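Numbering (the working numbering), first residue to last: 146 to 511.
Backbone N, C-alpha and C fix where the C-beta goes; we use that ideal spot for every residue, glycine too.
The model shown is predicted, which means the values in this text are computed figures rather than measured ones.
As structure tokens, the structure follows; a few thoughts come after it.
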Amino acid sequence: MTHEIIDVYGLRKKLEFLEAKRGRHTELITVYVPDGSELYKTISKLGEERGTAENIKSKATMKNVTAALDKIISELRLFKKTPANGLVIFCGNVAEMEGQADFLLETLIPPKPISINLYRCSQKFVLEPLEEMLESTEVYGLLIVDRQEGDIGLLKGKKAEIVKKFESMIPGKFRAGGQSAQRFERVLEGMTNDFFKQIAESANKIFHETPNLKGIIIGGPGPTKQDFLTAGHLATDLQRKIIGQLDIGYTGESGIEELVNKAHEVLKETELAKEKQLVTKFLEHLGKGTGLATKDIEQIRSALQNGAVDIVLVSEKFKDEAIIDEFTALAGNTGASIEFISVETMEGQQLKAIGGIAVILRYKLN
């Protein structure tokens, strides 16, 4: 039994394995221990849970739960302290036939710190906190604008949050004629411009202070979005980051949710564009004979061992897991990045056709 410090690719494989496991009853145990926790407290809590489990009416379930808890407690005692990123343990009887015993025990040190403190006994393992580690670390700005309200938000992975809300004092519809109407219209235009400026100034500050901001998506009713941009208060560099303008009918939490739902296609296209760019760069190097690209497995291995690889491109259809494991480990040791490429684009299909794995080099190999 090993205490596995797992990388992101290894985590993806491990989660696929664990996701397929089911208990016959509520008897699969998940324990998350966050960084900084005192292990003796977790062990004490699990001891209490073991005492409670002895009251389970089904003898078979009681036996499986208490046995799993005993294994987890024994496992925790092997650690002198909680690892830097925390600790996750999965244990339980995953036998497919009633009455049989096939206990699984997986102990993971995750690639990123965990903050959740969790004990759960269920028919399946709790994987969501680890699945979040597989999500993109890229951040997208969310901006909702209408003449009455506005919202600035951030989308990180699958989680969207409102950072700042705005309410205007702009009056609604009015009835007037002649010069009164014209004066009122000018007042409304001035109030609207001031409101747009207020939102833009906050957006400039928030988005400029946000690391890894990859793009901005603007939502709102009808032409209001374009009116906001035409007002010219949003910083020029941020305007260049706008990847979508979407019609939505709400503001606040409902508006952010609607914007994120409608933005999925935009974000997917953005990710596919990145994939196309990477494969095109590889193919250009290969076609021009620059010496900065190769698809030969042995050359890739040698380049990784010598720290010459900048980016490893892996088709999602490449199935040699031993090669992926080996190259992932080598890439991790030398700072090379790994990009998994879908087959949804012509470039992705080309990568698959030439073998499914390739690299872009930092410098030529002798």
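Report task. If I'm right that I557 touches I351 with Cβ under 8 angstroms, what's the distance once you round it to whole angstroms? Result -> Residue numbering for the chain in the displayed model covers 146 to 511; residue 557 lies beyond these limits and cannot be assessed.
Query raised in the report: Hey, would you say Q268 sits closer than 7 angstroms to R167, going by beta carbons?
Result: Counting from 1 along the sequence shown, the entry for residue 268 is found at position 123. Counting from 1 along the sequence shown, the entry for residue 167 is found at position 22. Taking 7 angstroms as the Cβ cut-off, Q268 and R167 qualify as a contacting pair.
Report task. Using 10 angstroms around the beta-carbon of D296, count the other beta-carbons present and answer buried if the total reaches 16, otherwise exposed. Result -> Walking along the sequence shown from the start, residue 296 turns up at place 151. Result: buried.
**Report entry** A515 to M336 span [Cα, whole Å]
**Finding:** Nothing can be reported for residue 515: it is not among the residues displayed for the chain, which extend from 146 to 511.
Query raised in the report: Under the criterion of a Cβ to heavy atom distance below 6 angstroms, does I174 qualify as lining the ligand NAD?
Result: Within the structure as shown, the ligand NAD is missing, as the structure has no ligands at all.
Requested in this report: Throw me the rounded Cβ distance for the K497 and V488 pair, which I believe falls under 8 angstroms.
Outcome: Working through the sequence shown from its first residue, we reach residue 497 at position 352. Working through the sequence shown from its first residue, we reach residue 488 at position 343. Indeed, because the Cβ distance is near 6 angstroms, the residues count as touching under 8 angstroms.
Report task. Could you have a look at K304 and say whether DSSP puts it in helix, strand or coil? Result -> The sequence position of residue 304 within the sequence shown is 159, counting from 1. K304: strand per DSSP, three-state reduction.
Query raised in the report: Under 7 angstroms between the Cβ atoms of E283 and K359?
Result: Walking along the sequence shown from the start, residue 283 turns up at place 138. Walking along the sequence shown from the start, residue 359 turns up at place 214. Taking 7 angstroms as the Cβ cut-off, E283 and K359 qualify as a contacting pair.
Query raised in the report: Using CA coordinates, which residue listed in E466, D291, I174 is at the minimum distance from V210?
Result: Stepping through the sequence shown from its first residue, residue 210 is reached at position 65. For the residues E466, D291, I174, the minimum Cα distance to V210 belongs to I174.
Query raised in the report: Does the separation of the CB atoms of L379 and A345 fall below 7 angstroms?
Result: Start at 1 with the first residue of the sequence shown, and residue 379 comes out as number 234. Start at 1 with the first residue of the sequence shown, and residue 345 comes out as number 200. Yes, the Cβ-Cβ distance between L379 and A345 is below 7 angstroms.
Query raised in the report: Taking C-beta to C-beta, are D470 and R507 nearer than 7 angstroms?
Result: Residue 470 sits at position 325 when you count from the first residue of the sequence shown. Residue 507 sits at position 362 when you count from the first residue of the sequence shown. No.
Requested in this report: Quickly, what does DSSP pair G360 with across the bridge? List them, please.
Outcome: The residue given as residue 360 occupies position 215 in the sequence shown. The partner list for G360 (beta bridge, DSSP) reads Y285.
Query raised in the report: Apart from the five residues on each side of it in sequence, which residues of its chain come closer than 6 angstroms, Cβ to Cβ, to M146?
Result: If you number the sequence shown from 1, residue 146 lands on position 1. The predicted position of M146 is uncertain, since its pLDDT is 41 and thus under 50; a value taken from the coordinates is nonetheless stated next. For M146, where only same-chain residues beyond five positions count, there are no Cβ hits under 6 angstroms.
Query - N- and C-terminal bounds of the alpha helix (DSSP H) containing I218 - result: Against the sequence shown, residue 218 aligns to sequence position 73. It spans 204 to 221 - the alpha helix (DSSP H) in which I218 sits, taken as one unbroken run.
Requested in this report: Taking T252 as part of the beta strand (DSSP E), name the residues at either end of that continuous run.
Outcome: Your numbering for residue 252 matches position 107 in the sequence shown. 248 to 254 is the extent of the beta strand (DSSP E) around T252.
**Report entry** Those runs of the beta strand (DSSP E) which lie wholly inside the stretch 323 to 400 and span at least 3 residues
**Finding:** You should have 358 to 365, 387 to 392.
Query raised in the report: Buried or exposed: which applies to A476, given that a residue is buried once 16 or more other Cβ atoms fall within 10 Å of its Cβ?
Result: By one-based count along the sequence shown, residue 476 stands at place 331. A476 is buried by the Cβ-count criterion.
Query raised in the report: In the DSSP assignment, what residue or residues form a beta bridge with E312?
Result: Stepping through the sequence shown from its first residue, residue 312 is reached at position 167. Per DSSP, E294.
Query raised in the report: Excluding the five sequence neighbours on either side, which residues of its own chain have a C-beta within less than 7 angstroms of the C-beta of K421, listed in chain order?
Result: Working through the sequence shown from its first residue, we reach residue 421 at position 276. Once the five neighbours on either side are set aside, the close Cβ partners of K421 are T490, E492.
Requested in this report: Could you name the residues that DSSP lists as bridge partners for V504?
Outcome: Counting from one through the sequence shown, the residue named residue 504 turns up at place 359. Answer by DSSP bridge pairing, in chain order: T439, V457.
Query raised in the report: Given 8 angstroms as the limit, is there contact between the stretch 225 to 237 and the stretch 245 to 264, that is, 3 or more CB pairs closer than that?
Result: yes
Query raised in the report: Do the stretch 302 to 311 and the stretch 397 to 406 meet, that is, are 3 or more Cβ pairs less than 8 angstroms apart?
Result: Yes, they touch.
Query raised in the report: Which residues mark the beginning and the end of the beta strand (DSSP E) in which I486 is found?
Result: By one-based count along the sequence shown, residue 486 stands at place 341. Its beta strand (DSSP E) spans residues 482 to 486.
Report task. Assign Y162 to one of three DSSP states: helix, strand, or coil. Result -> In the sequence shown, counting from the first residue as 1, residue 162 sits at position 17. Here residue 162 turns out to be Phe, not Tyr, going by the sequence shown. If DSSP states are grouped into helix, strand and coil, F162 belongs with the helices.
Requested in this report: Would you kindly work out how many angstroms separate the C-alpha atoms of I188 and V153, rounded to a whole number?
Outcome: Mapped onto the sequence shown, residue 188 falls at position 43. Mapped onto the sequence shown, residue 153 falls at position 8. Those two C-alpha atoms are separated by around 28 angstroms.
Query raised in the report: When burial is assigned at 16 or more other CB atoms within 10 Å of the CB, is V332 buried or exposed?
Result: Residue numbering aside, residue 332 sits at position 187 when the sequence shown is read from its first letter. V332 is exposed by the Cβ-count criterion.
Query raised in the report: Of the choices L160, L428, G436, D465, whose alpha-carbon is the least far from that of I499?
Result: As a first step, residue 499 is located in the sequence shown; it is residue number 354 there, counting from the start. Residue L428 is the option with its Cα nearest to I499.
Query raised in the report: Looking at C-alpha atoms only, which residue of L279, D247, G244, G237 is the closest neighbour of P255?
Result: Reading the sequence shown from its first residue, position 110 is the one you call residue 255. Among L279, D247, G244, G237, the Cα nearest to that of P255 is on L279.
Query raised in the report: Around the Cβ of L163, are there at least 16 other Cβ atoms within 10 angstroms (buried) or fewer (exposed)?
Result: Working through the sequence shown from its first residue, we reach residue 163 at position 18. It is buried - the Cβ of L163 has at least 16 other Cβ atoms within 10 Å.
Report task. May I have the straight-line CA-CA distance separating L431 from L437, to the nearest angstrom? Result -> Mapped onto the sequence shown, residue 431 falls at position 286. Mapped onto the sequence shown, residue 437 falls at position 292. The straight-line gap from Cα to Cα measures roughly 7 angstroms.
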